[in-house]
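Q:
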Amino acid sequence: MADGRDQWLDKDVAERLLRGERVDAVDGLDGVRAKRLSDTLRDMADVTYANDAELPGEA
89 MADGRDQWLD KDVAERLLRG ERVDAVDGLD GVRAKRLSDT LRDMADVTYA NDAELPGEA
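By my numbering, the letter at position 43 of the sequence shown is numbered 131, and the numbering carries on one by one without gaps.
Below is the structure:
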């Protein structure tokens, strides 16, 4: 990123988060951000799976 924030969020970490996997040992503020992002993605997945309707673009 241009401003150097979120350097922990590389392509491999993003893929793991999108698969619902935990992020390995991220410390400090980055750890808080990683947990928050992980929790948000899990919450979104729960809502998506609970709703049997197709999402836009899935048809």
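We treat Cβ as the ideally placed atom computed from N, Cα and C, and that holds for glycine.
In this text, all values refer to a predicted model and were calculated from it rather than measured experimentally.
Just tell me which of GLY108, LEU97 and MET132 has its CA closest to the CA of VAL120.
A: LEU97
Q: Using the C-alpha atoms, what's the distance from GLY108 back to LEU129?
A: 8 Å
Q: Pull up the CB-CB distance for LEU125 and LEU105, whole angstroms please, since I reckon it's below 8 Å.
A: Contact flag correct, Cβ pair sits at about 6 Å.
Q: First and last residue of the alpha helix (DSSP H) that includes VAL101?
A: 99-106
Q: Are there 16 or more other CB atoms within 10 angstroms of the CB of ALA122, so buried, or fewer, so exposed?
A: It counts as buried.
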